[in-house]
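In our numbering, the protein residues as written are 1242 to 1401.
Structure below.
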């Protein structure tokens, strides 16, 4: 049996999400939140589904180096928790400028967006990140209405 050639890489980027902020939207609500829940309204947008195609940049400014696109969806699924939460399923599609051109990383997990720091799973990848596994931490570095800037730090094990 051959020795494992798995490698580790840690890196960070910013994901710029603009939900329903026309004309500059990068994310759109495709299913609106359900109406009132048990007569209590719907403060956490339960049932809403949004699809996104967000810029991934090296720095916090939207004009910093573009590393690729974050593409996926999120479902608001916290009905009774304190604060909003969502199931976050997406793929980072890296461009050539990132140094990982043609490669992807896939992410999945529960994101309790009111928490200062959250963690989701890295569930796979392609190209340089073939057989990837690991985790990513998420911090909301800025939020204004439907626009949010997420700081994402990846801890990735990849290769065979």
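Backbone N, C-alpha and C define an ideal beta-carbon position, used for all residues, glycine too.
* Helix, strand or coil at residue 1369 [DSSP, three-state] -> helix
* Contact set for residue 1295: own chain, Cβ-Cβ below 6 angstroms, skip 5 residues either direction -> 1256, 1257, 1258, 1267 and 1311
* Asked: Between residue 1333 and residue 1326, which are expected to be in contact by the criterion C-beta below 8 angstroms, what is the C-beta distance as a whole number of angstroms?
  -> Incorrect: roughly 21 angstroms between the Cβ atoms, too far for contact.
* To do: Please go through the same chain and pick out, in chain order, the residues whose beta-carbon is closer than 7 angstroms to the beta-carbon of residue 1339, but skip the five residues on each side of it.
  => 1308 and 1309
* Asked: In angstroms, rounded to a whole number, what distance separates the CA positions of residue 1252 and residue 1398?
  -> 12 angstroms
* **Enclosing beta strand (DSSP E) for residue 1347 [first to last residue]** => 1345-1352
* Look up residue 1302 in the DSSP assignment and say whether it is helix, strand or coil. => coil
* Asked: Using the beta-carbon count (16 or more within 10 Å), is residue 1246 buried or exposed?
  -> exposed
* **residue 1383 versus residue 1357 - alpha carbon distance** => 11 angstroms
* How about residue 1271 and residue 1290: are their beta carbons less than 8 angstroms apart? -> yes
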